[in-house]
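Novice:
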Amino acid sequence: MGGWMLDQIGDGEFAGWGASPLTLRQAVIERLRDAIILGMLKPGELLRDTALANRLGVSATPIREALGDLAAEGLIEIEARRLKRVTPIDSKAMADLFLVQGELWRLGYVWGMPKVGRAGQSELEAAISHYRVALSKDDALGAIRAGHAFHTVFITASGNGELLRSTLDRRSLIARFILLHGRETLSENGLQLHEAMLGAFREGAYPEVLSHLDRLTRRLFQLATAAGSTAKPQSKKVA
9 MGGWMLDQIG
19 DGEFAGWGAS
29 PLTLRQAVIE
39 RLRDAIILGM
49 LKPGELLRDT
59 ALANRLGVSA
69 TPIREALGDL
79 AAEGLIEIEA
89 RRLKRVTPID
99 SKAMADLFLV
109 QGELWRLGYV
119 WGMPKVGRAG
129 QSELEAAISH
139 YRVALSKDDA
149 LGAIRAGHAF
159 HTVFITASGN
169 GELLRSTLDR
179 RSLIARFILL
189 HGRETLSENG
199 LQLHEAMLGA
209 FREGAYPEVL
219 SHLDRLTRRL
229 FQLATAAGST
239 AKPQSKKVA
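Residue numbers (this note's numbering): 9 to 247.
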């Protein structure tokens, strides 16, 4: 199993991005997604349904279903003869992704900022608070989730479902890249950038908000480009 640690799924013990109760299939998806994002299942690692099922204490059926869903998110590659592996990190593809996502986020902000009401502002403040707590606990994944929650407030407020789906569908790929290659962005400076965005938004300084957002997405693009120049061969282990 490559030495990675992943608790079995017990009755009613479901963890994940959301707070609502999850089905077994959803719980398996969440556990495997987090294992990939955190690098416990490494880029390029081959996956076997039965081994994963035994590790999680479930049947092979929810494992197969979960791997199919994670393939749709870009985290899993299903190759010839149904071989499955964790998608290797392609720095050029990630740079392209950040260019596209940066434009989509910007569009979401442009459309969404005028529509964010009091409830949305409370969500923004909560996201900042969660970011701060995550940093104090050295919880990198928690900080990423808080950042995603912050940006999603504006994109959701845009009222464009296709735009929201197009950004949510790639959040796991982005989270994995940041954890493996961009942890330096999860810092006090990163928190201050989000606080500056919130402050500018409260003042109605929309161009300033967009300027901060552009700075953030430009930094992610630069990290992807830099990762490409120092890329190492991907792991071929089997889980």
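Every residue, glycine too, gets a C-beta built ideally from N, C-alpha and C.
Note that this is a predicted model, so its numbers are computed, not measured.
Since K256 contacts G167 with CB under 8 Å, what's their CB separation in whole angstroms?
Specialist: Shown here, the chain extends from 9 to 247; a query on residue 256 therefore has no answer.
Novice: How should Q109 be labelled, buried or exposed, when 16 other C-beta atoms within 10 angstroms of its C-beta is the threshold for buried?
Specialist: buried
Novice: In chain order, what residues of the same chain have a beta carbon less than 8 Å from the beta carbon of R114, not counting five sequence neighbours either side?
Specialist: L218, L221, D222, T225
Novice: Determine the extent of the beta strand (DSSP E) in which V66 is found, giving its start and end residues.
Specialist: Counting along the chain, V66 falls outside any beta strand (DSSP E), and DSSP gives it neither H nor E.
Novice: Does DSSP classify P29 as helix, strand or coil?
Specialist: Its pLDDT being 44, under 50, P29 is placed unreliably by the model, and the measurement read from it follows with that caveat. When secondary structure is reduced to three states using DSSP, P29 falls in the coil class, being assigned neither helix nor strand.
Novice: Taking D147 as the reference, give the member of P70, E196, A74, R33 with the closest Cα.
Specialist: It is E196.
Novice: In this structure, does DSSP put R227 in helix, strand or coil?
Specialist: helix
Novice: When the distance is taken between beta carbons, is I37 closer than 7 Å to A74?
Specialist: yes
Novice: Between S243 and L187, what straight-line distance do the alpha-carbon atoms span, to the nearest angstrom?
Specialist: The predicted position of S243 is uncertain, since its pLDDT is 46 and thus under 50; no value can be drawn from it.
Novice: In angstroms, rounded to a whole number, what distance separates the CA positions of G52 and R93?
Specialist: 6 Å
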